[in-house]
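First comes the structure, then the notes that go with it.
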Amino acid sequence: MNSSNENKLDVSVQYVKSVGPKRAESFGKIGINSVKDLLFYFPSRHLNRTTVLKAAKAYGYVMDGYDGEVTIIGKVVDKEKKGFRNKEVFKVHLKDDTGFFECVWFRGIKYFQSAFNEGDIFAISSKPTIDKYGKLQFIHPDYDRITAEESDSFMHTGKIIPFYRIPKQLKEKHIGDWSLRRILTYAVDKYVDQIDETLPDEIISENKLMSLSEAVKNYHFPESEEKLNAAKYRFKFEELFYLELLVALRKHNYKTKLTGNKMEIKTNLVSDFLKTLPFELTKSQLKVLSEIKNDMLSEKPMNRLLQGDVGSGKTVVSLIAMLIAVDNGYQAVMMAPTEILADQHAKNISKMMAKLSGIHKEKTVKVSLLLGGQRKSLKSKSIKDVELKEADIIIGTHALFEEDVTLNNPGFIVIDEQHRFGVKQRALIQSKGKTPDVLVMSATPIPRTLSMTVYGDLDLSVIDELPKNRKPIITVLRGDRKLPEIYKFIVNKSNEGYQSFIVYPLVEESEKLELKAATDYYNLLKETYFKKLNVGLIHGRMNWLEKEEVMLLFLKKEFDVLISTTVIEVGIDIPDANIILINDAHRFGLSQLHQLRGRVGRSNKQAYCILVTKDGIIRQNFSGELKLDYLSPAQIEKYKSSVRLQTMVKHNDGFKIAEVDLKLRGPGDIFGTMQSGFPELKYANIVTDSELIFKTKKIAFGLIKKDPRLELQNNSVIRKNLLSHYSDNLKYAKIA
4 MNSSNENKLD VSVQYVKSVG PKRAESFGKI GINSVKDLLF YFPSRHLNRT
54 TVLKAAKAYG YVMDGYDGEV TIIGKVVDKE KKGFRNKEVF KVHLKDDTGF
104 FECVWFRGIK YFQSAFNEGD IFAISSKPTI DKYGKLQFIH PDYDRITAEE
154 SDSFMHTGKI IPFYRIPKQL KEKHIGDWSL RRILTYAVDK YVDQIDETLP
204 DEIISENKLM SLSEAVKNYH FPESEEKLNA AKYRFKFEEL FYLELLVALR
254 KHNYKTKLTG NKMEIKTNLV SDFLKTLPFE LTKSQLKVLS EIKNDMLSEK
304 PMNRLLQGDV GSGKTVVSLI AMLIAVDNGY QAVMMAPTEI LADQHAKNIS
354 KMMAKLSGIH KEKTVKVSLL LGGQRKSLKS KSIKDVELKE ADIIIGTHAL
404 FEEDVTLNNP GFIVIDEQHR FGVKQRALIQ SKGKTPDVLV MSATPIPRTL
454 SMTVYGDLDL SVIDELPKNR KPIITVLRGD RKLPEIYKFI VNKSNEGYQS
504 FIVYPLVEES EKLELKAATD YYNLLKETYF KKLNVGLIHG RMNWLEKEEV
554 MLLFLKKEFD VLISTTVIEV GIDIPDANII LINDAHRFGL SQLHQLRGRV
604 GRSNKQAYCI LVTKDGIIRQ NFSGELKLDY LSPAQIEKYK SSVRLQTMVK
654 HNDGFKIAEV DLKLRGPGDI FGTMQSGFPE LKYANIVTDS ELIFKTKKIA
704 FGLIKKDPRL ELQNNSVIRK NLLSHYSDNL KYAKIA
């Protein structure tokens with residue numbers, strides 16, 4: 004952007020017609036300080052005249068069997084609130100020049116009473132119905148208030164009306180829909196042509212994109228539905244292009260600007276370790292191990308993501324890689340998200356190394372555990388072992404980030420359950436040594452669109468098969484009333500050597516949430532259904548030493564049943580635990596349910612996952628299978644718990660579950676800026692815009708391959724825009 008245009012757009016919003024100093028203060032409270040900020044404050048939705056019907060026509064449509072959504076514009080003539088059977092109903096009566104219709108609300112009545120006033124004109128959008136009295140009716144519709152002037156213009160000129168989010172800070176200064184549209188009309192007319200491009204001409208022409216100024220104009224006041232869609236596409240394209248450019252830069256910088264540790268297979272340490280394993284590695288594990296080994300033998304630093312479903316054997320693959328590093332004189336580090344998981348890793352790996360020392364006499368591999376909650380003396384010894392290189396394999400949690408921990412020549416870092424660590428945390432641990440090889444692992448399979456964006460800079464390895472002796476877990480859905488039968492099943496199976504997890508969503512009963520609580524049911528069950536069994540309890544309020552003691556007793560089969568909260572979600576490995584009962588399953592996320600299910604089925608026995616929810620929820624939502632691809636966003640929101648539970652019953656494949664989870668949760672919950680180091684997406688949707696993601700990735704990666712420093716004249720606009728708007732994100736260009 005040239006300086007003259009930049010200066011004009013950076014002037015205070017107060018100089019826009021109808022704003023002034025007082026209103027500018029209100030705009031400032033919602034982040035709109037300059038003219039440029041105002042121009043990029045886009046509508047949340049639009050209403051197209053072509054979708055608007057008269058009341059009489061809408062009535063005829065419904066009578067003819069039409070089942071879709073319509074929009075009607077009408078004036079409020081009356082409103083009423085009625086109560087019956089302990090419920091309130093609020094109705095608003097409206098009319099246009101062909102007839103009457105009404106809107107009905109059963110919830111949020113106080114709000115809607117103040118929103119609708121006699122004489123106001125509203126555009127009502129929803130699926131229409133005919134009530135038992137023959138009236139045209141809309142239940143809980145979407146609505147937008149429009150002025151009388153706009154209504155007349157709107158109905159006769161075919162305009163597409165923008166509707167903006169109006170925060171309370173604007174309402175306090177009497178800035179509503181009509182006044183904000185008027186302010187933006189002035190701003191767009193005067194300033195939109197002064198917006199300079201943020202994409203090169205070549206990219207715009209090759210991809211048939213609308214210019215930025217045209218896109219801004221048509222996002223606010225579209226000339227047609229086609230131009231509105233073109234404007235939205237332009238912003239999606241640009242957003243994804245710059246995101247993929249950051250991914251490409253991160254990958255390029257990691258591979259070319261950083262020097263890694265070139266390793267080699269020096270002794271028979273790894274081959275001796277393989278002899279100690281009581282099983283053979285799967286073909287998929289061997290393939291992944293080959294990919295990791297090739298990275299380690301290269302002088303370029305490894306930056307690899309290892310995906311694999313729960314129980315697929317990622318940990319043993321990562322351990323073999325750590326032993327390659329140890330064989331080359333480096334320390335290897337494994338970072339786990341919880342103390343209980345880090346402790347379990349340390350115990351298991353220590354046992355394996357003790358077994359290895361019986362075969363491999365040349366070197367004893369020493370394991371050190373470093374946790375924030377350790378006793379001071381033990382923690383000091385662990386830190387000393389690490390610094391003096393007494394420890395070959397260091398296992399820990401976020402305690403490894405602490406400044407007083409000095410790693411001694413770390414050559415290989417494993418980050419387990421990497422989605423639980425932010426990009427800044429990963430940067431901290433990588434900064435503790437000369438660019439070590441990094442392997443990030445995830446037992447939560449990542450959908451392809453996410454692996455193309457958030458993790459697009461990492462090389463990808465996938466373990467896509469389970470050990471041969473594993474049987475698919477049988478998952479069933481049951482109502483509360485079936486619990487006595489389920490408890491009987493657990494008791495009977497305990498006679499066959501089965502152990503069981505029983506999971507509750509809370510530690511103690513909550514007055515606000517009618518959910519089952521672990522401590523209450525622990526006391527109840529051990530005195531009733533399980534009085535002949537040994538019952539244990541574990542939850543998140545225990546310190547890690549208490550949790551460790553409980554898990555050791557469970558592993559030693561001191562407990563037949565372990566009552567738990569979600570503290571067992573990640574990584575706990577109890578081979579004889581082959582039943583998991585999850586209470587109030589409708590309250591858990593899909594990824595969390597899949598992780599919990601992964602606690603069982605780790606032996607050659609048939610395992611069971613029993614999802615229990617309220618009988619009423621089953622009756623209301625489970626009359627048939629819900630086809631997610633055919634549900635509207637509103638229906639997905641309504642039936643989320645049903646889709647989650649049906650997906651669990653139907654699928655054991657974590658990758659399929661992850662795709663459904665992404666559709667249900669949307670990118671906002673998964674694609675966190677804190678986790679990724681990338682900008683938040685405002686326009687594009689990772690779920691629905693996959694084709695555009697692939698397209699922009701190809702363009703961005705191709706551009707960085709040709710011009711990694713963005714020095715060519717054609718790319719100067721990109722370089723300038725990156726430095727102006729993405730400087731914070733560029734900090735993470737070297738981070739896994």
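With this note's numbering, the residue at position 483 of the sequence shown is 486, and numbering never jumps. Ideal Cβ placement from N, Cα and C applies to all residues, glycine included.
Residues that residue i bridges to, as DSSP identifies them
i, result
"Ala-335", "Ile-396 and Phe-415"
"Thr-478", "Cys-612"
"Val-370", "Ile-396"
"Asp-199", "DSSP lists no partner for Asp-199."
"Met-444", "Leu-309"
"Val-580", "Before going further, note that residue 580 is Ala rather than Val in the sequence given. DSSP, once it has assigned bridges, lists Gln-502 as partnering Ala-580."
"Phe-93", "Lys-84 and Trp-108"
"Thr-409", "Looking at the DSSP assignment, Thr-409 forms no beta bridge with any residue, so it has no partner."
"His-49", "Pro-165"
"Gly-102", "Asp-99"
"Leu-726", "Bridge partners of Leu-726: none, in fact."
"Ile-76", "Ala-126"
Of the listed residues the options, nearest to residue i (C-alpha basis)
i, options, result
"Val-191", "Phe-45, Thr-699 and Arg-168", "Phe-45"
"Val-615", "Leu-486, Arg-605, Gly-500 and Asn-498", "Leu-486"
"Ser-464", "Gln-347, Asn-306, Lys-529 and Val-652", "Asn-306"
"Glu-241", "Lys-659, Asn-688 and Gln-716", "Asn-688"
"Leu-558", "Asp-587, Val-603, Asp-523 and Glu-714", "Val-603"
"Ser-371", "Val-408, Val-320 and Lys-265", "Val-408"
"Val-219", "Gln-716, Asn-232 and Ile-660", "Asn-232"
"Glu-488", "Leu-565, Ile-613 and Arg-600", "Ile-613"
"Leu-344", "Gly-77, Leu-374, Ala-324 and Leu-695", "Leu-374"
"Ser-594", "Glu-28, Ile-163, Gly-111 and Pro-450", "Pro-450"
Whole-angstrom distance between residue j and residue i, CA atom to CA atom
i, j, result
"Ser-626", "Ser-644", "Any reading at Ser-626 must be qualified, since the residue scores a pLDDT of 47, below 50, and its modelled position is unreliable; no value is offered."
"Ile-75", "Phe-93", "19 Å"
"Asp-13", "Lys-723", "17 Å"
"Ser-567", "Ile-541", "5 Å"
"Phe-115", "Phe-109", "10 Å"
"Gln-172", "Ile-186", "16 Å"
"Ser-21", "Leu-442", "57 Å"
"Asn-732", "Asn-412", "29 Å"
"Leu-322", "Ile-398", "11 Å"
"Gly-671", "His-363", "Here the model assigns Gly-671 a pLDDT of 48, short of 50, so the residue's position is not dependable, and the following value carries that caveat. Cα to Cα, the separation comes out at about 50 Å."
"Gln-288", "Asn-221", "52 Å"
"Ser-730", "Leu-215", "21 Å"
"Phe-533", "Glu-551", "23 Å"
"Ile-571", "Gln-17", "56 Å"
"Gly-592", "Thr-150", "43 Å"
"Leu-527", "Val-564", "13 Å"
"Ile-33", "Pro-170", "8 Å"
"Tyr-458", "Ile-577", "31 Å"
"Trp-547", "Asp-710", "51 Å"
"Val-250", "Thr-456", "7 Å"
"Ile-198", "Leu-461", "36 Å"
"Ser-445", "Lys-235", "34 Å"
"Ser-315", "Val-291", "12 Å"
"Arg-484", "Ala-588", "14 Å"
Expected contact under 8 Å - CB spacing of residue i and residue j to nearest Å
i, j, result
"Asp-180", "Arg-148", "6 Å"
"Tyr-611", "Ile-477", "5 Å"
"Gly-500", "Asp-579", "6 Å"
"Glu-302", "Thr-262", "7 Å"
"Met-338", "Asp-419", "7 Å"
"Thr-188", "Pro-304", "Not quite, the Cβ-Cβ distance comes to about 54 Å (not below 8 Å), so this is no contact."
"Arg-48", "Phe-166", "5 Å"
"Tyr-507", "Asn-586", "5 Å"
"Val-313", "Gly-657", "7 Å"
"Val-417", "Met-325", "7 Å"
Proximity test, residue i beta-carbon vs the ligand ADP heavy atom, cut-off 7 Å
i, result
"Phe-224", "By its list of ligands, the structure shown contains no ligand whatsoever, and the ligand ADP lies outside what it can speak to."
CB contact below 8 Å: residue i versus chain D
i, result
"Phe-103", "No chain D appears in this structure, which consists of one protein chain only."
> Enumerated in chain order, which unbroken segments of the alpha helix (DSSP H) with a length of 4 residues or greater are wholly contained in the segment 483-555?
Replying inline: 486-497 and 521-530
>> So within the segment 205-248, which uninterrupted alpha helix (DSSP H) runs reach at least 4 residues, ignoring any that extend past its ends?
In response: 215-223
>> Which complete alpha helix (DSSP H) runs does the segment 683-716 hold, if anything under 4 residues is left out?
In response: 693-709
>> Please give the ranges of any alpha helix (DSSP H) in the segment 111-178, keeping only runs that are unbroken, at least 4 residues long and fully inside the region.
In response: Here the runs fully enclosed are 112-118, 151-160 and 171-174.
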